[in-house]
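Asks: Residue numbers (our numbering), protein chains in the order written: chain W, 110 to 294; chain E, 69 to 527.
1. Quick one: which residues of the region 316 to 342 of chain E get their C-beta closer than 7 Å to a C-beta of chain W? List them in chain order.
2. Less than 7 Å between C-beta atoms, sequence neighbours within five positions excluded: which residues of the same chain meet that for residue 452/E?
3. Shortest alpha-carbon distance to residue 230/W belongs to which of 244/W, 256/W, 219/W and 183/W?
4. If you measure beta-carbon to beta-carbon, which residues of the region 270 to 294 of chain W are closer than 9 Å to chain E?
5. What residue does the beta strand (DSSP E) around residue 90/E start on, and which one ends it?
6. Hey, out of 331/E, 388/E, 294/E and 172/E, whose CA is closest to residue 181/E's CA?
7. Is the separation between the beta-carbon of residue 168/E and that of residue 212/E shorter than 8 Å?
8. How would you list, in chain order, the residues of chain E whose beta-carbon sits under 7 Å from the beta-carbon of residue 240/W?
9. What's the call for residue 79/E, buried or exposed, on a 16-neighbour Cβ count within 10 Å?
10. What is the rounded straight-line gap between the Cα of residue 318/E and the Cα of residue 357/E?
11. Looking at the secondary structure, which residues open and close the beta strand (DSSP E) in which residue 244/W lies?
12. Terminal residues of the continuous beta strand (DSSP E) containing residue 118/W?
13. Quick one: is residue 76/E near chain W, going by C-beta distance under 8 Å?
14. Starting from the Cα of residue 249/E, find the closest Cα among 515/E, 496/E, 383/E and 514/E and give me that residue.
15. What is the C-beta distance between residue 130/W and residue 142/W, in whole angstroms, given that I count them as a contact (C-beta under 8 Å)?
16. Note down the Cα distance separating residue 200/W from residue 162/W, rounded to an integer number of angstroms.
17. Just curious, the alpha helix (DSSP H) that residue 231/W is in, first and last residue?
18. Let me see if you follow: with CB-CB separation under 8 Å, is residue 157/W close to chain E or not?
19. Would you identify the three-state DSSP class for residue 394/E, choosing helix, strand or coil?
20. Out of curiosity, what's the CA-to-CA distance linking residue 150/W and residue 249/W?
21. Which value, in whole angstroms, describes the spacing of the CA atoms of residue 217/W and residue 247/W?
22. What does the alpha-carbon distance come out to for the pair residue 226/E and residue 203/E?
23. What span of residues does the alpha helix (DSSP H) with residue 371/E cover, start to end?
24. Please determine if the region 394 to 403 of chain E and the region 323 to 343 of chain E are in contact, where contact requires at least 3 C-beta pairs separated by less than 8 Å.
25. Which of the three DSSP states is assigned to residue 200/W in this structure?
26. Please classify residue 507/E: does DSSP put it in a helix, a strand, or coil?
27. For residue 133/E, decide whether its Cβ has a neighbour in chain W, counting only Cβ atoms nearer than 8 Å.
28. Terminal residues of the continuous alpha helix (DSSP H) containing residue 339/E?
29. Nearest to residue 151/E by alpha carbon, out of 444/E, 191/E and 460/E?
30. Give a yes or no on contact between the region 279 to 292 of chain E and the region 86 to 101 of chain E, applying the rule of three or more CB pairs nearer than 8 Å.
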C-alpha cells in the first residue's frame, strides 16, 4: 500500500453511484480513507482519498470507474479526475486549534462567494469546506477555515468587521470547538 | 460532523441572543499573606494578587477574541478578609482593603469579592471588626465587594449579625446618598454562601478551595428567551405543554454551559491554574433582550408577579440546572436563575408598574438561585425593618437547604415609585414599596440565634 490517489467523480445523480465507485475501488484492493460527497441540482460530485497496491496505475483506476459509470446508460457516465498524492500523516492535515467556522448572510446578489473567498485569500486563510444556501432572497454561506497561517486574530476580526460594513453581510467567525461543544455530547 | 442547521443555531445564539461568558473569576487564597504587621500584610496581599492575576485580563480577552465569545467581566475573589486581617484594628482592615483595591486596578479587573466573614454560628473578634468596618471599607475603595454569611442550614441564623447588618446597610446608603445608595449594591448578606461563586458582589474564595482557581459564570437569559420563542413559533403554542418548554430550556442551558466550560477551561489552562466550576446562572443585564423576566412572560404570565410567577421560576431554575449539570464536569456557585430587579429590564419595569411586589419577590426567591437581589426600597425604611427582611430571606435558605441572599438598597431621599439609577450593569429600578415598616423592631431586638433546623441533624 504505497500509493495514494485523490479521485474526483462527477455525474448526473442516480441511486447507486457511491456503491459503484467504492466497489470498483475495493475490487482493485484500494483502501478508502477520507471521502466527501454531495449532490446539487441533480448532479452528484465526490472527492475521495484511497490507497492502492503498487501495481495499480492511475489509468487503470480511471478506466475501471468510467466503465462502471457508463455501462448502463451513457447519460449517467462518470467524469473522473485522478491524481497521485503523497501520504500525509494525520497530524499534518489540519490541526484542530486553528479551525474556524465563518458564516456570512446577506441579500442575494452576484459575486457574494467571490467577495468572501477573496477576503479569505487576501488574509491567507484556507477554505476547507464551503456550503451555501439560498432561502427566499437571503443567501447564507458557511465556511470551514484553516487559520493556521494567521498571526493575529485581532487583525482578522478587525478586517472582518470592515468587510462586513463594506459588503453589508452579517458575518460571524467562531472557533470550531464552540460548535463541537454546543452540538456534541 | 456538525450540520449546517446546528452551525446557524449556534451562530444566532452568539450573534443575536447575547451569549457571552459573564465572568471569569480568579479565586486567590490570601492566608499566607497574613503576618502580625499591617504594612507587611498590605505589601504581601498586593504582591500576591498582582503576581497571580497579572495575566488574567489579557488571557480572558485573548481567548474571547480567539473563540469569538466575549468574556464580559474579569474578576477576583479572595479568602474572606476576616481570616487574613484577624488581629488588626479597623484601620488595619481598611489599609489592607486599599492595597487590594490598588492591586485590582493594576491588574485591570473590575471587582474583587471578599471583604467578608462567616458568622452563622457566632462572631470572632476579627469578624466583629470587619462587620463594623464595612461602610468605611466600601467608601475608601472602589473595586472591593463585601459579603457576610449570617446563616446556614447546619447552624441556623445569627440574628445578632442580622441586626447589625441592617444598620450597616443604612450607613452604606447614607454614605452614598448622591449615588442613590449605590454602596449597598456592594454588600450581600448570605445564607449557605458558596465558596466558589464567581458572581459579584457575593464572590469569595472559600475554605477548601485550591491555592488559585478559575471559576466562570455563564449568562444567557436572552438565549433561553429566543429559544422558547423559536420553539413556540415553529410548533405553535397550541401544540406545546410545559414539559416541552422545560425540555427546550434544558437543552439550551446545555449549550450555553458547554460554551462556558470550554472557554473557562481554556482560560485556566493558559494561565496555568486549575479550573474550578461553571456557575450555570441565568444572569440578566439591563440590556433589552437579556432578561429573566422576559422568560416568565413567554412562559405565560402577562405581568411578572402575577400568580404563577413562582411556579415558573421553579420550572426555569430546575431546567437550567438539569441541562447545565450534564454539560459541565464541575458545576458550582449559585447555579440557577437570578432575579436581580435593577439589573433586569423587565423585572424593573414590573416593579414600576406595581405588578411585582416585595412579598412576591420573596416567594420567588424560595425557588430561584439567589434571593432578594438588587432591590431598591425607600430611604426612610429603618434598620430593624431591613434586618427583618434579611431574617425572612435567611430563613428561606436555611429551611430549604439552599443559598439565599439579600442585596437591598434603601435609596436616600426617595420614596416608593421614584426611580433609582445605579448605571451600567447595575441598571435602574423603581423604588419598591415596603409594607409594615417599623413593625418588626421587637423581633429584631431579641438578638441571639434562630437555632439550626431539625434537618441539620443528618449525621
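In this text, a Cβ means the ideal position worked out from N, Cα and C, and glycines have one as well. Note that the structure is predicted; figures quoted are calculated from it, not measured.
Replies: A quick look at the data gives this:
1. 323, 326, 327 and 330
2. 234, 508, 509 and 512
3. 256/W
4. 279, 281, 282, 283, 284, 285, 286, 287, 288, 289, 290, 291, 292, 293 and 294
5. 89 to 96
6. 172/E
7. yes
8. 72
9. buried
10. 19 Å
11. 235 to 244
12. 112 to 121
13. yes
14. 496/E
15. Residue 130/W to residue 142/W, Cβ: 14 Å. No contact.
16. In this prediction, residue 200/W scores a pLDDT of 47, lower than 50, which makes its location untrustworthy; the coordinate-derived value is nonetheless stated afterwards. Going from the Cα of residue 200/W to the Cα of residue 162/W covers about 24 Å.
17. 221 to 231
18. no
19. helix
20. 17 Å
21. 5 Å
22. 20 Å
23. From DSSP, residue 371/E is part of no alpha helix (DSSP H); its letter is neither H nor E.
24. yes
25. Unreliable positioning characterises residue 200/W in this predicted model, as indicated by a pLDDT of 47, which lies under 50. A coordinate reading is not provided.
26. coil
27. yes
28. 310 to 339
29. 191/E
30. yes
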